[in-house]
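See below for the structure under consideration.
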Amino acid sequence: MSHSKAATIFNKDEKKVNWHDKALWFVRHKRDKSVHSVEGWENLRNLGQGIKAHMLSNLDNYLIQFEEKALKNGVQVHWAKDGDEHNKIVHSILKEHNAKKVVKSKSMLTEECHLNPFLEADGIEVIDTDLGERIVQLAKEPPSHIVLPAIHKTKEEVDELFQEHLGTKPCGGDPQYLTGEARKHLREKFVNADAAITGVNFAIADTGGFVVCTNEGNADMGAHLAPVHIACMGIEKIIPKQEHLGVFLRLLGRSATGQHITTYSSHFRKPREGAKMHIVIVDNGRTEQLSRPDFRASLQCIRCGACMNTCPIYRRSGGHSYDATIPGPIGSILSPGKDLKKHSSLPFASTLCGSCSDVCPVKIDIHAQLYKWRQIITKEMKQPFVKKVSMEMMGKMFAKPSQFEKVGMVARWSLRNLPKSVINSKPNVWGRERDLPKGPKESFDEWYKNRKKNE
Amino acid sequence: MSSRADILARVKTNKPKLLNIPNIALDVFEDGRDLLKEFTVKVETAGGQVFETQSKDLVVGEVQKLFPEAKVNFSTLENTEDFNTINLEAIKTPHDLEDLDVLIVESNVGVAENGAIWLNDALLPMRILPFITKHLVVILKKDDLVTFMHQAYQKLNGEDTGFGVFLSGPSKTADIEQSLVIGAHGALSLSVFLV
Numbered sequence: 001m002s003h004s005k006a007a008t009i010f011n012k013d014e015k016k017v018n019w020h021d022k023a024l025w026f027v028r029h030k031r032d033k034s035v036h037s038v039e040g041w042e043n044l045r046n047l048g049q050g051i052k053a054h055m056l057s058n059l060d061n062y063l064i065q066f067e068e069k070a071l072k073n074g075v076q077v078h079w080a081k082d083g084d085e086h087n088k089i090v091h092s093i094l095k096e097h098n099a100k101k102v103v104k105s106k107s108m109l110t111e112e113c114h115l116n117p118f119l120e121a122d123g124i125e126v127i128d129t130d131l132g133e134r135i136v137q138l139a140k141e142p143p144s145h146i147v148l149p150a151i152h153k154t155k156e157e158v159d160e161l162f163q164e165h166l167g168t169k170p171c172g173g174d175p176q177y178l179t180g181e182a183r184k185h186l187r188e189k190f191v192n193a194d195a196a197i198t199g200v201n202f203a204i205a206d207t208g209g210f211v212v213c214t215n216e217g218n219a220d221m222g223a224h225l226a227p228v229h230i231a232c233m234g235i236e237k238i239i240p241k242q243e244h245l246g247v248f249l250r251l252l253g254r255s256a257t258g259q260h261i262t263t264y265s266s267h268f269r270k271p272r273e274g275a276k277m278h279i280v281i282v283d284n285g286r287t288e289q290l291s292r293p294d295f296r297a298s299l300q301c302i303r304c305g306a307c308m309n310t311c312p313i314y315r316r317s318g319g320h321s322y323d324a325t326i327p328g329p330i331g332s333i334l335s336p337g338k339d340l341k342k343h344s345s346l347p348f349a350s351t352l353c354g355s356c357s358d359v360c361p362v363k364i365d366i367h368a369q370l371y372k373w374r375q376i377i378t379k380e381m382k383q384p385f386v387k388k389v390s391m392e393m394m395g396k397m398f399a400k401p402s403q404f405e406k407v408g409m410v411a412r413w414s415l416r417n418l419p420k421s422v423i424n425s426k427p428n429v430w431g432r433e434r435d436l437p438k439g440p441k442e443s444f445d446e447w448y449k450n451r452k453k454n455e
Numbered sequence: 001m002s003s004r005a006d007i008l009a010r011v012k013t014n015k016p017k018l019l020n021i022p023n024i025a026l027d028v029f030e031d032g033r034d035l036l037k038e039f040t041v042k043v044e045t046a047g048g049q050v051f052e053t054q055s056k057d058l059v060v061g062e063v064q065k066l067f068p069e070a071k072v073n074f075s076t077l078e079n080t081e082d083f084n085t086i087n088l089e090a091i092k093t094p095h096d097l098e099d100l101d102v103l104i105v106e107s108n109v110g111v112a113e114n115g116a117i118w119l120n121d122a123l124l125p126m127r128i129l130p131f132i133t134k135h136l137v138v139i140l141k142k143d144d145l146v147t148f149m150h151q152a153y154q155k156l157n158g159e160d161t162g163f164g165v166f167l168s169g170p171s172k173t174a175d176i177e178q179s180l181v182i183g184a185h186g187a188l189s190l191s192v193f194l195v
């Protein structure tokens, strides 16, 4: 289904769309407040961008260095070309330790590889322990946002879900009570887990360590209790030195939720005594994205979600309408690189307003890349007849000023004089669900010339 | 070809020309804020509380006043046998710490810009302790406060620790309709004592 079709379905419930829009704008607002309190924020963004761009230009050497240090630290390192190999590696580690119960903290990579269904098919229980992820797991849905996985669910919906699955009492959606019940439910899972899986926010080449950021403490509750810890990372998570964390940890929390830093920024380097630690390094299309000069900067992403919170399209269409692991603006430049056909409508799910690029903590030119994907898609994919013809007509019209003026005059007159029933009639898609402005008497060109005359 | 060799070869072929690594110059971030005031505000913003005390020895007494109901306590401070109700030597698995009410530990770095406090393997007898406890108390010397994360990492440079965490406030979540709830999976409260 195209993004616009899926968005149409989401937009049927107007009240919920408005609520969704507001909830995300609230997060964007918190980001602004916290960012504006930091002296030199733009310098910080430049550093984040520069370090990541440098990393990509020397990534093979940093990966080798990272592996060497990690092995010295007593950590086992595995490499996976694609999602399938990643899943098989994780499965074999779990088998080796006879692990039947697994707790997992947030990892978009394991979502991307569809790890859960793969493990569940062999009777392994996988519990997502981030509250938002547990909510969508119980609802049998994918996350709709990378930082706020259940942002599309109202508290009343969570209340019903918990009553059904956790046997909680009806509470009218009281977040305090529901979170408390989830804490009890998941505490039992943590204590009995045979293995813990976490994602990786940053992997440090010069120490072989990696950092995992959470607010709930779920990554730590899993990793420090279970006898086995498996950390899964994409190749682009590498940063050269530990001191670079000073830049990225200042950027990440503020850009994501407006917090000055996440509650827990956990630095793992060696397994604890008696326990095992594994790292799985995954490609799954990343080296291909690295080969595209126009799109490789998308690999700088630190997954803060700021581009989603600010995007007027994302806020009004919901994360699920993108039908991709990473939704929103950044997802719309990553996903076409993986499957152009399936995701060909995503680069068009944008007004190209550029707000995503403005808030991006590592200065990815997201809106410019969306535009570039459009060029490729329009050339390589068959476009709908109406769109093709109307684009050609528009092209001709814009190329001739005299024709453009005439069409403009007719349009302005029509907007002033035609009845609403005609203006908002079906063929005019611009009039769908919105009132059009009253047509002005003169065009900008006429206004400008008159002004010159009167000077 | 092994996946490792394959991935490394593809990166080598596909990467752009080597770009320079930027230098981190700290003077552009200087905002002249008061270290102590800023740290206190940021810990409170993150949901924790800050107390100033004359001496480390007074902390246990203060903590007992803060948490009069606490039954299971542990502290890494010296001479606190009376306060400690558990013996870590006797704990066989980390799971036996499930009922821990109050934990007192020391930190050696605090960051003013975000209220983050550093804990590592050298300061923690067991990694799970600051996460599994209901209430976490951290003692920090005022001299160990730094302005930004950059200086914190300068201090940590060369530290060879198996695990360390920057911790800011008690555990929290806003996953249900963006309503902030303190106490997700980790500690329900954080108290910082500045000496």
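So the sequences go chain by chain: R and A.
Take 1 as the starting number for the first sequence in full-length UniProt numbering and just add one per residue.
Take 1 as the starting number for the second sequence in full-length UniProt numbering and just add one per residue.
We put the CB at the ideal spot given by N, CA and C, even for glycine.
Residue i in three-state terms, based on DSSP
i                      : result
residue 304 of chain R : coil
residue 346 of chain R : helix
residue 198 of chain R : strand
residue 46 of chain A  : coil
residue 383 of chain R : coil
residue 473 of chain R : Residue 473 of chain R cannot be examined here, being either before or after the span of chain R that is shown, 1 to 455.
residue 97 of chain R  : coil
residue 152 of chain R : coil
residue 362 of chain R : coil
residue 70 of chain R  : helix
residue 449 of chain R : helix
residue 104 of chain R : strand
Euclidean distance between Cα positions of residue i and residue j
i                      : j                      : result
residue 268 of chain R : residue 65 of chain A  : 35 Å
residue 89 of chain R  : residue 198 of chain R : 15 Å
residue 53 of chain A  : residue 73 of chain A  : 20 Å
residue 100 of chain A : residue 133 of chain A : 5 Å
residue 329 of chain R : residue 430 of chain R : 23 Å
residue 145 of chain R : residue 305 of chain R : 7 Å
residue 289 of chain R : residue 370 of chain R : 14 Å
residue 123 of chain A : residue 137 of chain A : 13 Å
residue 172 of chain R : residue 182 of chain A : 19 Å
residue 320 of chain R : residue 170 of chain A : 32 Å
residue 403 of chain R : residue 410 of chain R : 11 Å
residue 253 of chain R : residue 220 of chain R : 18 Å
residue 368 of chain R : residue 358 of chain R : 12 Å
residue 23 of chain R  : residue 159 of chain R : 18 Å
residue 457 of chain R : residue 420 of chain R : Given that chain R is displayed from residue 1 to residue 455, the structure contains no residue 457 of chain R and the question cannot be resolved.
residue 340 of chain R : residue 453 of chain R : 53 Å
residue 123 of chain R : residue 348 of chain R : 41 Å
Residue i: first and last residue of the uninterrupted beta strand (DSSP E) it sits in
i                      : result
residue 25 of chain R  : Counting along the chain, residue 25 of chain R falls outside any beta strand (DSSP E), though it belongs to the alpha helix (DSSP H) covering 14 to 36.
residue 11 of chain A  : It is not in any beta strand (DSSP E) - residue 11 of chain A instead sits in the alpha helix (DSSP H) that spans 3 to 14.
residue 127 of chain R : 125 to 128
residue 320 of chain R : First-last for residue 320 of chain R: undefined, no H or E at that position.
residue 77 of chain R  : 76 to 80
Element boundaries [alpha helix (DSSP H), containing residue i]
i                      : result
residue 110 of chain R : 108 to 112
residue 413 of chain R : 401 to 417
residue 24 of chain A  : No alpha helix (DSSP H) holds residue 24 of chain A; DSSP gives it neither H nor E.
residue 156 of chain R : 155 to 166
residue 359 of chain R : 355 to 359
residue 297 of chain R : Note, residue 297 of chain R: premise wrong, no alpha helix (DSSP H); not H, not E.
residue 145 of chain R : No alpha helix (DSSP H) holds residue 145 of chain R; DSSP gives it neither H nor E.
residue 41 of chain R  : 41 to 57
residue 116 of chain R : 115 to 120
residue 181 of chain R : 175 to 192
Note to self: So, does the stretch 385 to 392 of chain R touch the stretch 436 to 447 of chain R, judging by three or more C-beta pairs under 8 Å?
What the structure shows: no
Checklist line | Any 3 or more C-beta pairs closer than 8 Å across the stretch 92 to 99 of chain R and the stretch 284 to 301 of chain R | finding: no
Margin query: At 4 residues or longer, what runs of the alpha helix (DSSP H) sit wholly inside the UniProt domain "LUD" (48 to 195) of chain A?
Written below: 59 to 66, 129 to 132, 149 to 156
Next item on the list: May I have a chain-ordered list of the beta strand (DSSP E) segments no shorter than 3 residues that lie completely inside the stretch 202 to 290 of chain R?
Entry: Within the stretch 202 to 290 of chain R, the beta strand (DSSP E) runs of at least 3 residues that lie entirely inside it are, in chain order, 202 to 204, 210 to 214, 228 to 234, 264 to 268, 276 to 282.
Item checked: Three CB pairs or more closer than 8 Å across the stretch 271 to 288 of chain R and the stretch 220 to 231 of chain R -> yes
Check: Taking one C-beta from the stretch 362 to 378 of chain R and one from the stretch 48 to 58 of chain R each time, how about it: are there three or more such pairs within less than 8 Å?
Finding: yes
Margin query: Assess contact between the stretch 233 to 248 of chain R and the stretch 141 to 158 of chain A, defined as three or more Cβ pairs (one per stretch) separated by less than 8 Å. Is contact present?
Written below: yes
Margin query: Counting beta carbon pairs with one atom in the stretch 176 to 189 of chain R and one in the stretch 54 to 62 of chain R, are three or more of them shorter than 8 Å?
Written below: No: fewer than three Cβ pairs fall under 8 Å.
Check: Are there three or more Cβ pairs, one per stretch, closer than 8 Å when the stretch 21 to 28 of chain A is compared with the stretch 38 to 46 of chain A?
Finding: Flag = no, the stretch 21 to 28 of chain A and the stretch 38 to 46 of chain A do not touch.
Note to self: With a threshold of 8 Å, are at least 3 pairs of Cβ atoms found where one atom belongs to the stretch 154 to 174 of chain A and the other to the stretch 28 to 40 of chain A?
What the structure shows: no
Notebook entry, point to check: Are the stretch 4 to 15 of chain A and the stretch 439 to 451 of chain R touching, with three or more C-beta to C-beta distances below 8 Å?
Noted result: no
Check: Between the stretch 118 to 125 of chain R and the stretch 205 to 213 of chain R, are three or more C-beta pairs nearer than 8 Å?
Finding: no
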